[in-house]
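Engineer:
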Amino acid sequence: MQKSYSEATDNELVELSIKNPNAFEELVLRYQSRLFYYIKRISYFEDEDIEDIVQEIFIKIYRSLNIFDGDLSFSTWAYQISRNATIDAIRRKQVRPQTARLEEDDMIKIFKSNIDIRSELELKEHLREIKLIINDLPYKYKEVMILRFLEERSYEEIMDIVQKPKGTVAALIARGRKILIKEAEKRNLLISQG
Amino acid sequence: MKDFSKKIVNTIKQEHIVPDSKLKINFKNYLFWFIFSGVLLLGALFFSLIILNIIDLKPDVFRHLKLGRFFFLVFMTLPYLWIGLLAITIFSGLMAFRKTKKGYRYSMLFIAGIIVLFISVVGALAHFSKMNSRFDRSIPGPRGIVHPMEGRWQRPEEGLLGGEIIEVGDQIFFLKTPRGEEWRIFYGIETEIKKDVEIKKNKKVGVLGEKKDDKSMEAFVIIRLPFRGEGKGSDFSESRKCPFLDAPQKECRD
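Protein sequence lines correspond, in order, to chains A and B.
Numbering of the first sequence is given in this note's numbering, commencing with residue 6 and proceeding in unit increments.
Numbering of the second sequence is given in this note's numbering, commencing with residue 3 and proceeding in unit increments.
1) What are the uninterrupted segments assigned as alpha helix (DSSP H) that are 4 or more residues long and contained completely in the segment 77-101 of chain A, given in chain order?
2) Is there a Cβ of chain B sitting closer than 9 Å to that of ARG149(A), yes or no?
3) Please classify MET219(B): does DSSP put it in a helix, a strand, or coil?
4) Using only the alpha-carbon positions, how far apart do MET110(B) and PHE137(B) sit?
5) Does the Cβ of ARG226(B) have 16 or more other Cβ atoms within 10 Å, making it buried, or fewer, making it exposed?
6) Report the CB separation of LYS205(B) from ILE167(B) in whole angstroms; it is logged as a contact under 8 Å.
7) Should ASP165(A) go down as buried or exposed, given a rule of 16 or more other Cβ atoms within 10 Å for buried?
8) Starting from ARG186(B), trace the beta strand (DSSP E) both ways and give me its first and last residue.
9) Do ALA98(B) and PHE49(B) come within 9 Å of each other at the CB atom, strictly closer than that value?
10) Please determine, among PHE188(B), GLU194(B), GLU160(B), the residue with the shortest C-alpha to C-alpha distance to MET219(B).
11) Using the Cβ count rule (16 or more neighbours within 10 Å means buried), how would you classify GLU148(A)?
12) DSSP three-state call for ARG158(A): helix, strand or coil?
13) Applying a beta-carbon distance threshold of less than 7 Å, which residues of chain B neighbour ARG68(A)?
14) Using the beta-carbon of each residue, which ones in chain A are nearer than 7 Å to LYS8(B)?
15) Between ILE117(B) and the rest of its own chain, which residues show a CB-CB distance below 8 Å, the 5 nearest in sequence each way excluded?
16) Looking at the secondary structure, which residues open and close the alpha helix (DSSP H) in which PHE34(B) lies?
17) Taking LEU177(A) as the reference, which of ARG192(A), TYR144(A), GLU156(A), GLU134(A) has the closest Cα?
18) Taking PHE41(A) as the query, report the chain B residues whose CB atoms sit under 7 Å from its CB, ordered along the chain.
19) Applying the criterion that 16 or more other CB atoms from any shown protein chain within 10 Å of the CB defines a buried residue, is ALA189(A) buried or exposed?
20) Can you find a heavy atom of the ligand ZN that lies under 8 Å from the Cβ of PRO81(B)?
21) Taking the alpha-carbon of ASP215(B) as reference, which of GLU159(B), LYS203(B), ALA114(B), LYS24(B) has the nearest alpha-carbon?
22) Let me see if you follow: with CB-CB separation under 9 Å, is GLN168(A) close to chain B or not?
23) What in chain A is Cβ-close to THR13(B), meaning under 8 Å?
24) Determine the DSSP secondary structure at GLU2(B), reduced to helix, strand or coil.
25) Could you pull the DSSP bridge partners for PHE116(A) from this structure?
26) Between the segment 29-41 of chain B and the segment 79-86 of chain A, do at least 3 Cβ pairs fall closer than 8 Å?
27) Please go through the same chain and pick out, in chain order, the residues whose beta-carbon is closer than 6 Å to the beta-carbon of GLY165(B), but skip the five residues on each side of it.
28) Find out if the Cβ-Cβ distance for the pair PHE79(A), LEU18(A) is shorter than 9 Å.
29) So which of VAL11(B), LEU119(B), MET133(B), ILE19(B) has the shortest CA-CA distance to LEU51(B)?
30) Run through chain B and tell me which residues come within less than 9 Å of ILE23(A), C-beta to C-beta.
31) In angstroms with no decimal places, state the Cα-to-Cα distance between PHE1(B) and PHE63(A).
32) How far does the alpha helix (DSSP H) with ILE62(A) in it extend, from its first residue to its last?
33) List the residues of chain D whose Cβ lies closer than 8 Å to the Cβ of VAL33(A), in chain order.
34) For HIS129(B), is the classification buried or exposed, using 16 other Cβ atoms within 10 angstroms of its Cβ as the cut-off for buried?
35) Helix, strand or coil for LYS206(B) per DSSP?
36) What's the C-alpha gap between PHE257(B) and LEU163(B)?
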């Protein structure tokens, strides 16, 4: 008996989608939300713009299905395409400075993942300072930290998504963390100084 | 966030969008692999030409020179054209590899290491198979730039002079350089004359010595002229390699 689309793996859906576009609907359902929030985190676009970008990305993914060889997971491959499409969109709309827009919870999550800090309650009291620190973080560090601590991707997956060697990814995360600690120290947010 | 899964599938159906062929999507990848391979082979060729030129240095000939002067001469006459082209090919290879589908996974240092290793091995093979000699023979253009050997033996101030013997006297001979200058070369029993050298008219020799005055030199060592086609073990065509570019071909065949 043939499996329903919802039971099929990503790789099986890719195979099926090449023959029948209806199977692609399941892939879109699985990833539209994740890609939407990923793009939102790494860009400054409004929700409507992001929705347009995500739709373009899925069409691009569909057109490229023939080169999906399973070497990367579909998820990593989709993130890679999404990141490239977002960067292209940012370049096209260079009217505003390139930055990432993070929700407060995301900022706290990144902060907590890297720094031995006070209680979450205290953290929320210092939200303004945390926002400043995260917003001042250069984009190249912020991008990999979003993937590592918010998207919870492995170093290998980040390497494939941002298309940089693994060593470079590790170095970017380490440097980003160093900057966060330094800035937290300056603002007296570390436990050791509390 | 809206669910646009149905909208996307409808767009695909209405606009008859189909997945692109592998060849079309991978064209860029194949192109960069092609460039990378071509660049590696070119790099190997340039490397083999560098070997050819460096081997032509014949370090034993220079042992009479002071170390500083030896390095100065080497520095002055290195095959910079090939070295420059090799550097360009290594850089191009790096860039091309990084543009391939999985090129981003490797550090620049690793890719550079692989490129250098490949170029060294294939370049050495090209040298041992004398492919570099055959290529070198077919190179047109200004020899002064491409071939540094002539320049190396046209430095009387540094004690190096090469050319063809046009007249022989008692402990003296006259040497005509590729530039058409005539020099008096003094030699004696203290002069080291290499075994394969004949001090005879029309023979081409290289002289290591000391410049005495305008157009005269005292020889310390006399060797067979090491221009390509003249050195030991060379397989170069003499007619092509005649250093006297304006001389009749027969003068170059001794």
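The beta carbon of each residue, even a glycine, is placed where N, CA and C say it ideally should be.
Structural biologist: The structure says:
1) As far as the segment 77-101 of chain A is concerned, its whole alpha helix (DSSP H) runs of at least 4 residues are 79-97.
2) A small fix is needed here, since residue 149(A) is Val in this sequence, not Arg. Against chain B, the CB of VAL149(A) has no partner CB under 9 Å away; the residue lies outside that interface.
3) strand
4) 31 Å
5) buried
6) 5 Å
7) buried
8) Looking at the DSSP string, the run of the beta strand (DSSP E) that includes ARG186(B) is 184-188.
9) no
10) Ranking the options by Cα distance to MET219(B), first place goes to PHE188(B).
11) buried
12) coil
13) ILE19, PRO21, ASP22
14) GLU30
15) LEU42, GLY45, ILE92, GLY95, LEU96, PHE99
16) From DSSP, the alpha helix (DSSP H) with PHE34(B) extends over 24-57.
17) Of ARG192(A), TYR144(A), GLU156(A), GLU134(A), the residue nearest in Cα terms is TYR144(A).
18) MET3
19) buried
20) The ligand ZN is not part of this structure, which contains no ligands at all.
21) GLU159(B)
22) yes
23) GLN60, ILE64
24) This structure does not reach residue 2(B), given that chain B is present from 3 up to 256, and the question cannot be answered.
25) PHE116(A) pairs with nothing; no bridge assigned.
26) no
27) If you ignore the 5 residues before and after GLY165(B), its C-beta comes within less than 6 Å of the C-beta of LEU177, LYS178, THR179, all in its own chain and listed in chain order.
28) yes
29) MET133(B)
30) VAL20, PRO21
31) Not covered by the structure: residue 1(B). The range shown for chain B is 3 to 256.
32) 52-68
33) Judged by its chain identifiers, the structure shown contains no chain D, and its protein chains are A and B.
34) By the neighbour-count criterion, in which a residue is buried when 16 or more other Cβ atoms sit within 10 angstroms of its Cβ, HIS129(B) is buried.
35) strand
36) Residue numbering for chain B in the displayed model covers 3 to 256; residue 257(B) lies beyond these limits and cannot be assessed.
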